[in-house]
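According to the working numbering, numbering within the sequence shown proceeds without interruption in unit steps and concludes at 1183.
I have placed the structure first, in the form of structure tokens, so that the comments after it can refer back to it.
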Amino acid sequence: MRKWLIILFAVALVGLAAPRAEAFKGTVTVALSGEPLSMDPHIQSEFIGTMIWPWGYDNLLYAEPGTGKLQPWLAEKMERLSAQAFKFTLRAGAKFNDGTPVNSAAVKYSLGRIADPKIKSRLIPYFKDIKEIEVVDDRTFIVHTTVPMNGLPNLLRRWGHVMNPKTKEMDLPAISRSTHGSGPYVLKSWTKGQKMVFEANPLWWNNKAYPNRPQTLVLRRIQEHATRVKSLQAGEVDIITAIPAHFVPQIKADPKLDVVNVPAVRILYVGFFTAHGGPFADVKVRQAVNYAVDAESIRKTFLGGFAEPYFQMLHPWVYSGYSKKMTSWYPYDLGKAKQLMKEAGFEKGFKAHLFTTVGRYPSDKETCEAITGMVKKIGIDAPCNPVNFPLYRQTFTAFQTGKRKDPGFYYQGFGNGAGDTSVSLRGMGACKGAWSPHCFKEYDAMVDKAIATADVEEQQAAFEKVSQWMRDNATHKPVTKVHDVFGVNKRVNFIARHDEGLDPWDIAVK
């Protein structure tokens, strides 16, 4: 840990050196498939939120683009005192956007909000092992955990948003529509479903290191892939995300535009609702769908060279658990799929509700429609239902809570830009996971034990055991790990991240 600290200090000194005289300039417009469900960073678990919240709220730590290597941010120092205690020192001079100093009490308040039953946070499973935030002084605090948490720094780099304690006096809807952090931008207006406008925060502690960042950032919600591409070509927006492979050649052909492609964290997969019974509660039915879904065909048909074959539910940037041993899942085998359906007593098939998002992930709608055809061959009648993300979230919750008990399954992605293994395993699979469709007590016990294992090698082995259990029980069907593909107007400089972040301080008008 001491060696890690020395590296942190070195990076911090380089990053903050040599301030320049230029001022913020211009407006940059970013088009995404959606918008955050809320600007309150302590309630939801969704990737557009985690992309946008750091614009207004600093996290305690930062991850280097491409490598995921942790660096100082709002916290300038970190020290592991014991297996169950981390000490952090806040950066001197950091202020919230109203001028109030950032202090340890604000960190305690912010992380404490997640456990507050009044806000009904979906992040509770990620933070359940945090016991106490001990305030030592204004700049120093200690995070105590109930078990060893090797992944705590990763968790706080993604979900450690620090909020002004003055928000105690505000109602939740007001907090959800505004920003009250120490981040580089302040939300000035939000036309729901259309656009958000952010202005540079003149009080940001790191302004001198990034003097060329935009004065104004506009986030436009454009759901359809084709419409986002047309807006980029027309010069209406400067950066677009989640470009399907078939649009890449026409963007590259435009001399004003460029395509930026980076291997990324998001795994696209099929999931099954099992917690409340039904056909998908039978492992043989889940295995049948795993064999019936032709992942290679989907990659070649819809994703081109911007996706990879993938055989596990953890990406390579997690702090522990990714395994090079996982070289297969369930290969396409229609004969085995039909045999398993017969063994499960569903030789004649059944009807099910299949749903996905529209434009949130590359070719999500088209892939879902292809899956409809694939499972039809084993007797599952499941027309694809593509919907916008708010409705997708509602539908998922209805199945998750048992309000809907008809057979349901879905096609979505899970990114875990934090790199904290617990976020993936608890988020996608635990009984109370934010995006979990099932409840397997054996699985939860295995995950809890692995997370609480302090020894690095023993923890890796424990996480690999969890992944093998997931494969044996066909909890999901990993289809691919996608690349993040951006369309960019050449009038701006832009650094693409591997973890679905979009750092506005790394955007500059030329």
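For every residue, glycine included, the Cβ atom is placed at its ideal position computed from N, Cα and C.
Source: prediction; values computed, not measured.
So, are the CB atoms of residue i and residue j less than 7 Å apart?
i	j	result
Y1083	N827	no
C1057	T1045	yes
W878	A767	yes
P1151	I940	yes
N776	D811	yes
A937	H1156	yes
H1160	L905	The amino acid at residue 1160 is misidentified as His; the sequence shows Gly. Result yes, Cβ atoms of G1160 and L905 sit closer than 7 Å.
D927	V701	no
L829	S718	no
P1110	G944	yes
T852	G729	yes
K804	T813	no
S783	V835	yes
V891	K868	yes
M724	G1174	yes
A1127	A758	no
N977	A918	The sequence shown places Gly at residue 977, not Asn. Yes, Cβ-Cβ distance for G977 and A918 is below 7 Å.
Leaving out the 5 sequence neighbours to the left and right, which residues in its chain are closer than 8 Å to residue i when beta-carbon positions are compared?
i	result
A1017	P952, D955, K957, V958 and A961
L754	K760 and I815
G1106	P798, R1099 and G1100
G866	E708 and R894
K925	D931 and V932
G699	P887, Q888, T889 and V1182
P982	A968, E969, R972 and T1153
G950	K1078
Just how far apart, CA to CA, sit residue i and residue j?
i	j	result
N770	Y1005	54 Å
A882	G833	22 Å
R831	L1007	41 Å
H1171	K1021	44 Å
K1163	A899	20 Å
L747	L733	5 Å
N1089	S1097	6 Å
F1167	A1181	7 Å
K1076	V808	42 Å
W990	W726	21 Å
F871	V966	42 Å
N880	Q1133	39 Å
T1068	L710	15 Å
I792	I848	11 Å
L1013	F920	39 Å
K841	S855	16 Å
K998	E1131	16 Å
I787	F800	8 Å
V820	A1125	5 Å
D713	M843	12 Å
G1052	T1074	27 Å
R675	F979	Bear in mind that the predicted position of R675 carries a pLDDT of just 36, short of 50, making it unreliable; the figure below should be weighed with that in mind. R675 and F979: Cα-Cα distance of roughly 39 Å.
F1028	F1019	21 Å
V1139	M986	10 Å
F1062	A1135	34 Å
V1048	K1024	11 Å
Over what stretch of residues does the beta strand (DSSP E) that includes residue i continue unbroken?
i	result
P726	The question names Pro, but residue 726 in the sequence shown is Trp. From DSSP, W726 is part of no beta strand (DSSP E) but of the alpha helix (DSSP H) over F720 to G729.
E752	A748 to S755
S862	Y858 to T864
F1028	H1026 to T1030
P1063	From DSSP, P1063 is part of no beta strand (DSSP E) but of the alpha helix (DSSP H) over F1062 to T1074.
L705	T700 to L705
A915	Counting along the chain, A915 falls outside any beta strand (DSSP E), and DSSP gives it neither H nor E.
D931	L930 to F945
Q744	L743 to P745
Could you pull out every residue in the same chain whose Cβ sits closer than 6 Å to the Cβ of residue i, ignoring the five residues on either side in sequence?
i	result
Q1117	The question names Gln, yet the displayed sequence has Asp at residue 1117. Excluding sequence neighbours, D1117 sits near A1103 and C1104.
G1086	R939, L941 and Y1034
R901	A704, I895 and I913
W1178	P857, Y883 and R886
A690	Note that A690 scores 34 on pLDDT, short of 50, meaning its location in the model is unreliable; the coordinates nonetheless yield the value given after this. Taken in chain order, the list of residues that qualify is empty.
G1032	S706, Q896, E897 and H898
V780	F814 and V835
M822	D802
P774	K768
Between residue i and residue j, how many whole angstroms is the CB-CB distance? I'm expecting something under 8 Å.
i	j	result
G707	T1094	In fact, because the Cβ distance is near 26 Å, the residues do not count as touching under 8 Å.
S1001	F975	Contact doesn't hold; Cβ gap of about 22 Å is too wide.
P1059	T1040	That pair is no contact at about 10 Å.
V876	G772	Rather than Val, the amino acid found at residue 876 in this sequence is Leu. L876 to G772, Cβ: 6 Å. Contact.
For the ligand SAM, is there any heavy atom lying closer than 6 Å to the beta carbon of residue i?
i	result
G739	Questions concerning the ligand SAM fall outside what the structure shown contains, since it holds no ligand whatsoever.
Give every residue of the same chain whose Cβ lies closer than 7 Å to the Cβ of residue i, excluding the five residues on either side of it in the sequence, and list them in chain order.
i	result
C1112	A948 and C1104
W1142	Y1116 and M1119
P738	I1168, R1170 and H1171
K1050	A965 and L1007
Taking the alpha helix (DSSP H) that residue i belongs to, which residues open and close that run?
i	result
Q960	V956 to A965
V1139	V1129 to D1145
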